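Structure, as structure tokens:
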Amino acid sequence: MLIRYIQPRAEYQENNKVSAASKSRLTAVFLLPLLFAAGSGTVSAAPNTLDDFYPNCDIRQLNLSQSQHNALRRIRSDYRAATEKAYRKAQRTDRTRRQNIMRILSDDSFDQNRARDYVEDRYLSSMDFAVDELSIQYRFYHLLTPQQRQIWISSCVR
1 MLIRYIQPRA EYQENNKVSA ASKSRLTAVF LLPLLFAAGS GTVSAAPNTL DDFYPNCDIR
61 QLNLSQSQHN ALRRIRSDYR AATEKAYRKA QRTDRTRRQN IMRILSDDSF DQNRARDYVE
121 DRYLSSMDFA VDELSIQYRF YHLLTPQQRQ IWISSCVR
């Protein structure tokens, strides 16, 4: 998660009911690519987050107003939707990945254009998610007052 908001316990429990299937999907999307890529030299087609921001940055120090908290809830909801969209796109890419790579490998001669198309399709979902993530960070930044922006930049932006 990009933006951390500390919710009252009852609100947290109500808003964060996650099914076992959702937990396993999130693990597959975010944790497994990190585990497998950390030393393998490979890159996953799963959505990756931008590393320009500290993860789970504590924004309590910003002293957000009630209207800012409400806007932040909407932003977080949009982030969850963007995550699901990226996950579905990565699944579609993975379904055709093996077929496409086999076509490239089994041709009599190497087709560089087909290879470029394959690589572009393979990583497009990650790029789209990174753009969505940056858009959400932009919305949060513009929600803040100038003083809050300075605090946020110094503590949350790498």
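Reading the sequence shown from the start, the letters are residues 1 to 158 in full-length UniProt numbering.
Think of the CB as a built atom: it goes at the ideal place given N, C-alpha and C, for glycine as much as any other residue.
These figures come from a predicted structure and were not determined experimentally.
- In this structure, the alpha-carbon of Q68 lies about 15 Å from that of I151.
- Distance between Y123 and I75, taken at the CA atoms: about 25 Å.
- Straight across, the Cα-Cα distance linking N56 with D121 is about 30 Å.
- Restricting attention to Q66, Q147, I153, the CA atom closest to the CA of Y138 is found in I153.
- For D132, the uninterrupted alpha helix (DSSP H) run begins and ends at 112-143, by DSSP.
- Only residues of its own chain outside the window of five on either side were considered, and among them none has a CB closer than 8 Å to the CB of D117.
- With respect to the 7 Å criterion, Q148 and L72 are not classified as neighbours on the basis of their beta carbons.
- In the assembly as shown, F140 is a buried residue. Its beta-carbon has 16 or more other beta-carbons within 10 Å.
- When DSSP states are grouped into helix, strand and coil, D52 belongs to the coil group.
- Excluding its 5 nearest sequence neighbours in each direction, K89 has C-beta neighbours in its own chain below 6 Å: S125, listed in chain order.
- DSSP places D94 within a helical segment (H, G or I) once states are collapsed to three.
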